[in-house]
Amino acid sequence: MGKQAAVVLAVNGKRYEAAGVDPSTTLLEYLRTQTPVRGPKLGCGEGGCGACVVLVSKYDPATDEVTEFSASSCLTLLHSVDRCSVTTSEGIGNTKDGYHPVQQRLSGFHASQCGFCTPGMCMSIFSALVKADKAADRPAPPAGFSKLTSSEAEKAVSGNLCRCTGYRPIVDACKSFAADVDLEDLGLNCFWKKGDEPADVSKLPGYDSGAVCTFPEFLKSEIKSSVEQVNGAPVPVSDDGWYRPKSIDELHRLFQSESFDENSVKIVASNTGSGVYKDQDLHDKYIDIKEVPELSVINRSNKGVELGSVVSISKAIEVLSDGNVVFEKIADHLNKVASPFVRNTATIGGNIIMAQRLQFPSDIVTVLLAAGTTVTIQVVSKRLCLTLEEFLQQPPCDSRTLLLSIFIPYWSSDGITFETFRAAPRPLGNAVAYVNSAFLARTSVDAASRDHLIEDTCLVFGAYGTDHAIRASKVEDYLKGKTVSSTVILEAVRLLKATVKPSEGTTHPEYRISLAVSFLFTFLSSLVNNESTKVNGPNGSCSNGATNGALEHSPEKHLKFDSNDLPIRSRQEIFLTDEYKPVGKPIKKAGAEIQASGEAVYVDDIPAPKDCLYGAFIYSTHPHAHVKAINFKSSLASQKVITVITAKDIPSGGQNIGSTFPMMGDEALFADPVTEFAGQNIEPFICLCLSNIIVS
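Take the sequence shown: its letters are residues 804 to 1499, numbered as in the numbering used here.
Spelled out as structure tokens, the structure:
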């Protein structure tokens, strides 16, 4: 076995090589410390804000095709982009080479204020443009536009958070690229005087879909030559703890090696789970399973669809969007999971494993369980095919249990009703649901009364404060063989209230129960077709499902959300005045393009001086706690703690006062020796590096 070669990647067309890098190093860390790139920012570190979005391009020498997708660089591990090309906001446009139309239009539509999030916005929009323009089944757009639709343009930045600009100007800049947009509906900008001049695409910075090369030729040549050399070679020994098996047999040989123990090894495909579970410091060996062919299979048949466990959520959405009534609903629900740049890399199998092993409140598990999904797993050399429900009820999987694939059965549209629901802080994903549910019912209609008879049903609820998604079996048994009526619905609701019981410590348990009840009520109400039948809702509302229920009280109006009807499609009329000229005029902000290109320098973009130390406060997690001792834990020498500053270090004559409030008195800077409240400063510590230090 030969030694693992260094990680080679292209960043904005320039070649970089990284050898001996810690396997937990993220792409964002590498970009910001080993390259001149500063556009991607560290915001949340969880894939939830979009400040770190970059475009990742992969080349397949077998087909000679390049695949591009946006990714969250704060979650993407550096080793996982080996032989890939990474494009940041500086790579599509800058002060030296000229700005890209995305950057110019964001500036011209006043879509940047502090600018911290703007480079990530640029790359999300640019990624959407690249994806749309590569769609062969779309007609060529008019000059100056792209193949992007207005709806897609709006959703392009659905995962990017901005806390100061407001989304109307950002979305206007996005929609200016869409061929189906009405330019007159766009807001104030610097390209034409709204109301006085006609809106015309020729006044916008010109857009050319082929202006940016996302994958350099030199890297293609390297990949082709390396493929010829490594074909048939065994998995190499890694000096830096990163392993990339090419088959399931190789994977099991790694597990059987004496150097591997379960606690030190982490199996990864995309590492997006680290946005939820912070465990990077717990592992010194990583096994990347993306290149195991059996885990990437996509098989369609008249029986259903098989998806390998490392198929991305975005790819699964694409595969399931085929017109089948159940598949389409699943795809629509998956579009509300996480953000586009997370779905592009996050895998179906990883999400299911997190739900099974770590009780992650998964939307994907809920909808797949209702659709009758089965899973294939391999434990050592034994393969098992289980229903998803059986898999969830097993003891938590260890790292040697491998999820190979899932199978979603094909459902005929005859007599099948399938609906999914979720309630979350943000309807378009990027937030864990308070409650999610999915319902499948097989019904028949009485020819005389037109009433629905429920022949069979599957009712699944998740994320309400339970270990994993569950089936409401008692409700299912009750509904089987019954005609849907107000009496039946209300009895089903009563049974559900006794079934959905959030575990102790769950926040807002009553609210979550009421959501679950409302979801079921909405679903069953839709099966009541008799115009004369009115069903009194659980909260006193009245509706007859799909007919003429009162608009302000109809459960469907409150609970069903069409992702195509975005709330940002509102109108705002602004009347310009010269009274405070130039204040109030749509004048482009100086430096907006520099912010959009990522060249604007923020405090964290300034290189740290030699021997720089870092400090952070330690906060109390409990009120009225006696501070007896503080312990630090870190596995890396580079994270060594240098010293701790306490109240005893205050110079003679000084006071332990952090702030003074005239109405409330002084507040101590350090808790000494008892904390007064949760979140109070105990003491700061000084160290060589702040990342992954555990304080107890």
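Where a beta carbon is used, it is the ideal one built from N, C-alpha and C, also for glycine.
Remember, it's a predicted structure, so these values are computed and weren't measured experimentally.
Separation of residue j from residue i, as counted between CA atoms
| i | j | result |
| --- | --- | --- |
| Thr1150 | Ala1227 | 21 angstroms |
| Pro1503 | Lys958 | Lying before the first or after the last residue shown, residue 1503 is absent from the chain, which here runs from 804 to 1499. |
| Arg840 | Phe919 | Reading the sequence as shown, one finds Val at residue 840 and not Arg. Taking the straight line joining both Cα atoms gives about 14 angstroms. |
| Cys766 | Gly1218 | Because the chain in this structure spans residues 804 to 1499, residue 766 falls outside the shown range and cannot be described. |
| Thr1246 | Val1296 | 19 angstroms |
| Ser1077 | Pro1476 | 35 angstroms |
| Ser1012 | Asp1043 | 39 angstroms |
| Gly1461 | Ser1400 | 39 angstroms |
| Val1128 | Thr1260 | 16 angstroms |
| Phe872 | Pro1487 | 41 angstroms |
| Leu1123 | Cys1415 | 51 angstroms |
| Ile1409 | Arg835 | 10 angstroms |
| Val814 | Thr890 | 6 angstroms |
| Thr1017 | Glu868 | 12 angstroms |
| Leu746 | Asn1239 | Outside the shown range of the chain, which is 804 to 1499, sits residue 746, and nothing can be said about it. |
| Ala865 | Lys1106 | 30 angstroms |
| Ile1156 | Glu1000 | 57 angstroms |
| Pro1412 | Phe1063 | 39 angstroms |
| Ser1344 | Thr1325 | Per-residue confidence for Ser1344 stands at a pLDDT of 36, beneath the threshold of 50, marking its modelled position as unreliable; the derived number appears in the next sentence. Distance between the alpha carbons of Ser1344 and Thr1325: 11 angstroms. |
| Ser1024 | Ser1073 | 26 angstroms |
| Val810 | Gly1152 | 26 angstroms |
| Phe1322 | Pro1164 | 17 angstroms |
| Val1040 | Asn1434 | Only weak support exists for where Val1040 lies, its pLDDT of 48 falling under 50; the coordinates are left without a value. |
| Gly816 | Glu893 | 11 angstroms |
| Ser1117 | Cys925 | 20 angstroms |
| Gly990 | Lys1285 | 54 angstroms |
| Gly1457 | Ile1448 | 14 angstroms |
| Ala1353 | Ser1328 | At Ala1353, the pLDDT of 32 sits below 50, so the modelled position is not reliable; the number obtained from the coordinates is stated separately. Distance between the alpha carbons of Ala1353 and Ser1328 is about 14 angstroms. |
| Thr1302 | Ile1316 | 9 angstroms |
| Glu1258 | Thr1309 | 35 angstroms |
| Ser1252 | Val1331 | 11 angstroms |
| Tyr902 | Met1467 | 52 angstroms |
| Cys855 | Ala1250 | 58 angstroms |
CA nearest to the CA of residue i, picked from the options
| i | options | result |
| --- | --- | --- |
| Ile1445 | Met1466, Glu1313, Tyr1417, Leu1472 | Tyr1417 |
| Met1395 | Gln906, Lys1285, Val1291, Gly850 | At residue 1395 the sequence reads Ala, which differs from the Met that was named. That would be Gln906, whose Cα lies nearest to the Cα of Ala1395. |
| Thr1463 | Asp1082, Ala1471, Gly1456 | Ala1471 |
| Tyr1267 | Thr1380, Lys996, Tyr1314, Thr838 | Tyr1314 |
| His1429 | Leu878, Leu951, Ser1062, Glu1479 | Glu1479 |
| Lys1436 | Val1291, Val1079, Leu1085, Val1287 | Leu1085 |
| Glu1061 | Asp1082, Val1071, Lys1088 | Lys1088 |
| Val1079 | Ala1141, Gln1059, Phe1058, Lys1118 | Ala1141 |
| Leu1318 | Ala1236, Glu1258, Leu830 | Ala1236 |
| Ala1158 | Gln1398, Ser1252, Ala1272, Leu1189 | Ala1272 |
| Ile1070 | Lys1093, Gln1059, Ser1050 | Lys1093 |
| Thr1424 | Tyr819, Thr968, Ala1481 | Ala1481 |
| Ser761 | Ser1306, Leu1256, Pro1305 | Missing from the structure shown is residue 761; the chain here goes from 804 to 1499 and no further. |
| Gly1265 | Gly853, Lys1049, Val1320, Leu1098 | Val1320 |
Reduced DSSP secondary structure (H/G/I, E/B, other) of residue i
| i | result |
| --- | --- |
| Pro1487 | strand |
| Ile1534 | Since the displayed the chain opens at 804 and closes at 1499, residue 1534 lies outside it and no answer follows. |
| Phe919 | coil |
| Thr1286 | strand |
| Glu1109 | strand |
| Asp1087 | coil |
| Ile1460 | coil |
| Pro1019 | coil |
| Ala982 | coil |
| Ile1211 | strand |
| Ser1115 | strand |
| Thr1325 | helix |
| Leu991 | coil |
| Ser1247 | strand |
| Leu1123 | helix |
| Tyr1405 | coil |
Residue-level contact to chain C via CB, residue i, 7 angstroms cutoff
| i | result |
| --- | --- |
| Ile1292 | Absent here is chain C; the protein component of the structure consists of one chain. |
**Prompt:** For the stretch 923-954, which segments carrying the beta strand (DSSP E) assignment without a break, of at least 3 residues, lie completely within its bounds, in sequence order?
**Reply:** none
**Item:** 4-residue-minimum alpha helix (DSSP H) runs that sit fully inside the stretch 809-887, ordered along the chain
**Value:** 830-837
**Item:** Given 8 angstroms, three or more beta-carbon pairs between the stretch 869-884 and the stretch 965-983
**Value:** no
**Request:** Taking 8 angstroms as the threshold, find out whether the stretch 808-827 comes into contact with the stretch 1042-1057 through three or more Cβ pairs.
**Result:** yes
**Request:** Go through the stretch 1148-1174 residue by residue and report every complete run of the alpha helix (DSSP H) that reaches 4 residues or more, in order.
**Result:** 1151-1161, 1166-1173
**Inter-stretch contact (C-beta, 8 angstroms, three-pair minimum) for the stretch 951-966 and the stretch 980-994** = yes
**Message:** Does the structure place the stretch 1102-1121 close enough to the stretch 1190-1210 that three or more beta carbon pairs sit under 8 angstroms?
**Reply:** yes
**Message:** I'd like to know if the stretch 859-873 and the stretch 898-916 are in contact, where contact means that at least 3 CB-CB pairs between them fall below 8 angstroms.
**Reply:** no
**Asked** Within the chosen definition, does the stretch 1272-1291 reach the stretch 1177-1184 through at least 3 CB pairs nearer than 8 angstroms?
**Response** no
**Message:** Closer than 8 angstroms is the cut-off here; do at least three beta carbon pairs connect the stretch 931-939 with the stretch 990-1004?
**Reply:** no
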